[in-house]
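Chemist: Residue numbers (this note's numbering): 820 to 1586. Before we start, here is the structure in question, set down as structure tokens.
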């Protein structure tokens, strides 16, 4: 052991020296009177013979220690002093408690104060640190003023002399600097600042005198944590306390202890707090929910955001959409947010938040669909009568179409006689040479006889010859009708051969007539064209199917088929227009009934009693593909109330958006990946994972608990965001802000917590 003491060093500094041992080369008195320097010792006496021989002046004496080493003492060191030093250094038997020399023994050193336990010292120091931190936070303006003042003085001292030298002036002398300081203190502002600084120093000194001082390393950390508590905000959550108080406090104290006693201790404590707060800021800048949202909405344009916000904010249907549903609808399905929503709904925490929101969905859809249906038509009190009534209206449409065709070709028929545009004209006839073979055909002869013998028709043709175009046309119509009737297997008079001969006779007679009369030929051609382009599509299309329907369901599906032919929107709209023109009330009621029945089917409860997907099921049934959508639009545009179509156009996208909410299924690999991403809430979470892989059971449990807690918190945050009324705006804001910048908050908190440490004199924090 090498120690230092006042006095000349031992030769080569190889031997131990002891504190408190006088380093003098003058010989010391070798008797007991040496303890009384003011008394003159006797020249002789009974004790003289026991005196230790005086050591030569300027020399040292060596004593052998118990461990065999040699210990060096200055010459003339009293024996009791050397013995005491040896005992304190190497141990050994204590001096006798009584004897002739006891009264001359030096007073015993006071017993050292009892050292408190680290835990107790930590708690006391932390409690004492809280008022220190609160007071320092209150004095933050004074601290800031001191930083600015001293910073300005430092910069002035660095740049003033070089600037003066550039202009040929001498450097500032110490006298000038002293005068400046005096003038500054005597000025109003300088004096005011100095009084504030003196007051701050006095307050700090008072706290040092009255508050508990740490006695262990743990206590020093406790005091710093307590000092940081008030400036750190004492947040309500443990995570905030750890990040805002404990982390910067521990970093500050560690940096301070590493530089304790140096001129940089105060600065290092400040920088340590800044480092701790920066770490907290970095950890918080990483938000797992927002990070996932940014990836899930990658590629969103301003137009996409506007459409999504319109679906949620400007939605007048009453069906509330979640943010993921609205965003995905706006993107045409190109979003991963529904997958995230499914994971959230699959958790206890997420389902607790989202279940009430989606539980209201079925009622909202019922109301929204009902409102649109009421715009089409009110609910009919006897819906079973709608089908037959609609069939009658459709039959009337077909009859009116035939009549329209006849009316359009009537002028051409009239031109064949007996009444022309200018009055009575001779009837057009088939020349006798061409008519003779026709008249000889027994089928034609039988048809002519039936015409002449018909009490209702005969008067119209009584004055016309048999070969007139008008009579020949009437007979050919009878032959064609007879041929069709005989060709029907259900007819008791069924005869396919006779049917064919009847149609052949009609064709021969008509050919002869068209050759004889160009007007008749034109009339037949026009009728054929109108039948092909107008009558046949009506008879074979939706109108004809409605006319053939025997019940309401069949009639409604004829107008709004569940699986319409591709490109059939045009004929559906035409049919609706013709039926509305014939019977608007029945047609509108039929359309409403058909849509209402489909909605009722869509709302049928699933095995789990869930009706929240009724909206998307109804949408799929009536507008689940482009053809269904087009047919529905075409029919609704022809309804008496045009607003119904507009309202349906607004409702269907909302119902379609509700379909992007995925059913909660089993925990697939994707679900586990999302959970892992959300569990890694921050770099601290990653660190917990690393620790958990070290094979330590306790560490692994702690890491798992941290991950689960982070997952629960993130799921709750996302659940609240997704069902908020302004969910789309919140999602957009999260994407727009990116990783959060917490630098301003870091600087503010560091200044409040550790600003005062910049002015701790070196080595005085813990005297």
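Ideal placement from N, C-alpha and C gives every residue a C-beta, glycine not left out.
(1) If you drop the 5 nearest sequence neighbours on each side, which residues of the same chain put their C-beta closer than 6 Å to that of residue 1411?
(2) Could you compute how far the alpha carbon of residue 1014 sits from the alpha carbon of residue 1006?
(3) When every heavy atom of the ligand HEM is checked, does at least one fall within less than 8 Å of the C-beta of residue 1334?
(4) What are the residues that DSSP puts in a beta bridge with residue 889?
(5) Out of 1127, 1107, 1046 and 1121, which one is the CA nearest neighbour of residue 1088?
(6) Can you have a look at residue 1151 and say buried or exposed, based on whether 16 or more other CB atoms are within 10 angstroms of its CB?
(7) I need the straight-line Cα distance from residue 1540 to residue 1140, nearest angstrom please.
(8) Cα-Cα, which of 1153, 992, 1143 and 1154 is closest to residue 1163?
(9) Helix, strand or coil: how does DSSP classify residue 1248 here?
(10) How many angstroms separate the CA atom of residue 1000 from the CA atom of residue 974?
(11) Could you have a look at residue 1071 and say whether DSSP puts it in helix, strand or coil?
(12) Who are the Cβ neighbours of residue 1472 in its own chain at under 7 Å, not counting the five residues just before and after it?
(13) Excluding the 5 residues preceding and the 5 following residue 1421 in the sequence, name in chain order all residues of the same chain whose CB lies nearer than 7 Å to its CB.
(14) Taking 9 Å as the cut-off, decide whether the C-beta atoms of residue 1116 and residue 1550 are in contact.
(15) For residue 1431, I'd like the list of residues in its chain whose CB is within less than 6 Å of its CB, leaving aside the five on either flank, ordered along the chain.
(16) Alpha carbon to alpha carbon, how far is residue 1158 from residue 1169? Give it in angstroms, no decimals.
(17) Looking at chain B, is there any beta carbon in it that lies within less than 9 Å of the beta carbon of residue 1394?
(18) Here's a check: name, in chain order, each residue in its chain whose Cβ is nearer than 7 Å to the Cβ of residue 1137, leaving out the five neighbours to either side.
(19) Taking all protein chains shown into account, decide if residue 1423 is buried (16 or more other Cβ within 10 angstroms of its Cβ) or exposed.
(20) Using the rule of at least 16 other Cβ atoms within 10 Å of the residue's Cβ for burial, across every protein chain shown, is residue 988 buried or exposed?
(21) Answer with buried or exposed for residue 1173, where buried requires no fewer than 16 other C-beta atoms within 10 angstroms of its C-beta.
(22) Label residue 856 either buried or exposed according to how many other C-beta atoms from any shown protein chain fall within 10 Å of its C-beta, with 16 as the threshold for buried.
(23) Suppose contacts are defined by Cβ-Cβ distances below 9 Å. Is residue 1365 in contact with residue 1209 by that definition?
(24) For the alpha helix (DSSP H) holding residue 1547, just list the boundary residues, first then last.
(25) Within its chain, find whatever has a CB closer than 6 Å to the CB of residue 1388; leave out the 5 residues flanking it on each side and keep chain order.
(26) Using a 10 Å radius around the Cβ and a threshold of 16 neighbouring Cβ atoms, would you call residue 1109 buried or exposed?
(27) Please say whether residue 880 and residue 894 have beta carbons closer to each other than 9 Å?
(28) State yes or no: is the C-beta of residue 1288 within less than 9 Å of the C-beta of residue 1325?
(29) Indicate whether residue 1303 and residue 1356 have their beta-carbon atoms separated by less than 9 Å.
(30) When you compare only the Cα positions, how much space is there between residue 1483 and residue 1165?
(31) Tell me the rounded alpha-carbon separation between residue 1362 and residue 1402.
(32) Please state whether DSSP places residue 1166 in a helix, a strand or coil.
(33) DSSP on residue 1326, reduced to helix/strand/coil?
Modeler: So, from the listed chains and residues:
(1) In the chain shown, residue 1411 corresponds to position 592, counting from 1. Around residue 1411: 1192, 1195 and 1196.
(2) In the chain shown, counting from the first residue as 1, residue 1014 sits at position 195. In the chain shown, counting from the first residue as 1, residue 1006 sits at position 187. Distance from the CA of residue 1014 to the CA of residue 1006, rounded to the nearest whole angstrom, comes to 12 Å.
(3) For the ligand HEM, the structure offers nothing, since it holds no ligand at all.
(4) For the purposes of this step, residue 889 is identified with residue 70 of the chain shown, where counting begins at 1. According to DSSP, residue 889 bridges with 883.
(5) Walking along the chain shown from the start, residue 1088 turns up at place 269. Among 1127, 1107, 1046 and 1121, the Cα nearest to that of residue 1088 belongs to 1046.
(6) By one-based count along the chain shown, residue 1151 stands at place 332. So residue 1151 ends up on the exposed side.
(7) Locating residue 1540 in the chain shown gives position 721, where the first residue counts as 1. Locating residue 1140 in the chain shown gives position 321, where the first residue counts as 1. Answer to the nearest angstrom: the Cα atoms are 12 Å apart.
(8) Within the chain shown, residue 1163 is the residue found at index 344, counting from 1. Of the candidates 1153, 992, 1143 and 1154, the one whose C-alpha sits nearest the C-alpha of residue 1163 is 1143.
(9) Locating residue 1248 in the chain shown gives position 429, where the first residue counts as 1. Strand at residue 1248.
(10) Indexing the chain shown from 1 puts residue 1000 at position 181. Indexing the chain shown from 1 puts residue 974 at position 155. A direct Cα-Cα distance of roughly 15 Å separates residue 1000 from residue 974.
(11) Here residue 1071 refers to the residue found at position 252 when the chain shown is read from its first residue. Helix at residue 1071.
(12) Here residue 1472 refers to the residue found at position 653 when the chain shown is read from its first residue. Here the set comprises 1130 and 1148.
(13) As a first step, residue 1421 must be located in the chain shown, where it is residue number 602. Taken in chain order, the residues that qualify are 1433, 1436, 1437 and 1440.
(14) Taking the chain shown and counting its residues from 1, the one referred to as residue 1116 is at position 297. Taking the chain shown and counting its residues from 1, the one referred to as residue 1550 is at position 731. Taking 9 Å as the Cβ cut-off, residue 1116 and residue 1550 qualify as a contacting pair.
(15) The residue given as residue 1431 occupies position 612 in the chain shown. Cβ within range, chain order: 1177, 1180 and 1181.
(16) Counting from one through the chain shown, the residue named residue 1169 turns up at place 350. Counting from one through the chain shown, the residue named residue 1158 turns up at place 339. Those two C-alpha atoms are separated by around 13 Å.
(17) Although the question refers to chain B, the structure presented lacks it and comprises just one protein chain.
(18) Position 318 of the chain shown, counted from the start, is the residue given in the question as residue 1137. Closer than 7 Å at Cβ, skipping near neighbours: 1183, 1186 and 1187.
(19) The residue given as residue 1423 occupies position 604 in the chain shown. It is exposed - the Cβ of residue 1423 has fewer than 16 other Cβ atoms within 10 Å.
(20) Numbered from its first residue, the chain shown carries residue 988 at position 169. Residue 988 comes out exposed.
(21) For this step, residue 1173 is matched to residue 354 along the chain shown. Counting Cβ neighbours within 10 Å, residue 1173 comes out buried, since at least 16 surround it.
(22) As a working note, residue 856 is residue 37 in the chain shown. Per-residue confidence for residue 856 stands at a pLDDT of 47, beneath the threshold of 50, marking its modelled position as unreliable; no derived number is given.
(23) Residue numbering aside, residue 1365 sits at position 546 when the chain shown is read from its first letter. Residue numbering aside, residue 1209 sits at position 390 when the chain shown is read from its first letter. Closer than 9 Å, so yes.
(24) Residue numbering aside, residue 1547 sits at position 728 when the chain shown is read from its first letter. Here the alpha helix (DSSP H) through residue 1547 covers 1546-1556.
(25) Here the question's residue 1388 lines up with position 569 in the chain shown. Excluding sequence neighbours, residue 1388 sits near 1449, 1450 and 1453.
(26) The residue labelled residue 1109 in the question sits at position 290 within the chain shown. With 16 or more other Cβ atoms within 10 Å, it is buried.
(27) For the purposes of this step, residue 894 is identified with residue 75 of the chain shown, where counting begins at 1. For the purposes of this step, residue 880 is identified with residue 61 of the chain shown, where counting begins at 1. Cβ atoms of residue 894 and residue 880: closer than 9 Å.
(28) Taking the first residue of the chain shown as position 1, residue 1288 is located at position 469. Taking the first residue of the chain shown as position 1, residue 1325 is located at position 506. The answer is no: Cβ separation not under 9 Å.
(29) Here residue 1303 corresponds to residue number 484 of the chain shown, with the count starting at 1. Here residue 1356 corresponds to residue number 537 of the chain shown, with the count starting at 1. Not in contact: residue 1303 and residue 1356 (Cβ atoms no closer than 9 Å).
(30) Stepping through the chain shown from its first residue, residue 1483 is reached at position 664. Stepping through the chain shown from its first residue, residue 1165 is reached at position 346. So the alpha carbons of these two residues sit roughly 6 Å apart.
(31) Walking along the chain shown from the start, residue 1362 turns up at place 543. Walking along the chain shown from the start, residue 1402 turns up at place 583. Each residue's Cα considered, the two are about 13 Å apart.
(32) In the chain shown, residue 1166 corresponds to position 347, counting from 1. Here residue 1166 sits in coil by DSSP.
(33) Locating residue 1326 in the chain shown gives position 507, counting from the first residue. In the structure shown, residue 1326 sits in a helix (DSSP, three-state: H, G or I).
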